[in-house]
Amino acid sequence: EIVFAVSALDQFIHAVLICKAMDILKNRKPQSASFYKLTIGLNSVSLFLDNTNTIDAFPIIEKEIRTNLGWKSFQQPDKIAEALKMVCDKRIWDEVSGIMGISTQTLKEQLKLIVKRRDSIAHEADFDLVNQCQYPIDRINAKKSVNFIISLVYAIDSIVFDYVYNQANVNRYLIT
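Residue numbering for the sequence shown follows the UniProt record's numbering, starting at 1 and increasing by one per position.
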């Protein structure tokens with residue numbers, strides 16, 4: 001479950017970037033200071049210049065952004081913040097920590113620990129090479145990790161898409 005939750009977080013950040021970038025472009029909304037970091041290839045630029053009156057550029061731009069982001073991982077706090085700065089000028093971790101009721105440092109440390117555990121499970125079969133045994137894991141800690149990720153996703157979503165965070169809505173998705 002931890003592996004799936006972290007993968008879902010990564011996929012969510014990718015989706016947010018694409019959704020917000022396309023919204024900014026299509027609706028001519030204000031760009032964040034780091035928006036320029038979202039790049040498209042010169043092949044696409046050439047296609048636009050050659051066919052300005054005959055093609056809809058937005059699907060091509062979206063595909064390019066997907067391609068350029070596709071190999072990137074957005075699991076670590078710094079990578080997530082860097083990614084979200086491209087589409088949002090807010091101080092994401094400060095705002096998320098306020099919503100979740102924990103310090104920014106604790107929030108980032110908790111996420112790092114969950115990602116580290118995910119990496120151990122996914123890449124090392126959750127095996128302690130030093131002591132030659134499986135790392136201990138229990139249902140309670142797995143549930144806490146997944147619920148943390150769920151709450152984190154909803155907090156980020158409310159900040160980036162500018163709506164009021166509603167804990168009651170989040171509670172419907174938490175594992176009990």
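Ideal placement from N, C-alpha and C gives every residue a C-beta, glycine not left out.
Item	Value
G101 versus I159 - alpha carbon distance	15 Å
Endpoints, the alpha helix (DSSP H) within which P59 is located	57-70
Local conformation of F12 per DSSP, three classes	helix
Integer-rounded CB distance, given that V115 should sit under 8 Å from residue 177	Nothing can be reported for residue 177: it is not among the residues displayed for the chain, which extend from 1 to 176.
Presumed contact (8 Å Cβ cut-off) between I60 and L25, rounded CB distance	Not quite, the Cβ-Cβ distance comes to about 11 Å (not below 8 Å), so this is no contact.
Residue from K63, K112, A21 whose Cα sits closest to the Cα of G41	K63
C-alpha gap between L152 and V96, whole angstroms	7 Å
Residue from Q31, I150, A155, I140 whose Cα sits closest to the Cα of I92	A155
Sequence-distant residues of its chain with Cβ nearer than 8 Å to S73 (five each side left out)	D10, K79
Any 3 or more C-beta pairs closer than 8 Å across the region 33-47 and the region 82-92	yes
Secondary structure of N75, DSSP reduced to three states	It is Gln, not Asn, that sits at residue 75 in the sequence shown. Reduced to three states, the DSSP call for Q75 is coil.
Integer Cβ distance of I13 from S145, believed to fall under 8 Å	Wrong, their Cβ atoms sit about 17 Å apart, outside the cutoff.
Any beta strand (DSSP E) of 3 or more consecutive residues that is wholly inside the region 135-160	none
Spatial neighbours of S7 in its chain, beta-carbon cut-off 6 Å, leaving aside the 5 residues before and after	none
Rounded separation between F58 and D157 - CA only	23 Å
Check whether I140 and L174 have beta carbons under 7 Å apart	no
CB of L38 within 7 Å of CB of A21, strictly	yes
Selected residue, minimal CA-CA separation from T67, among E82, D56, N43, L84	N43
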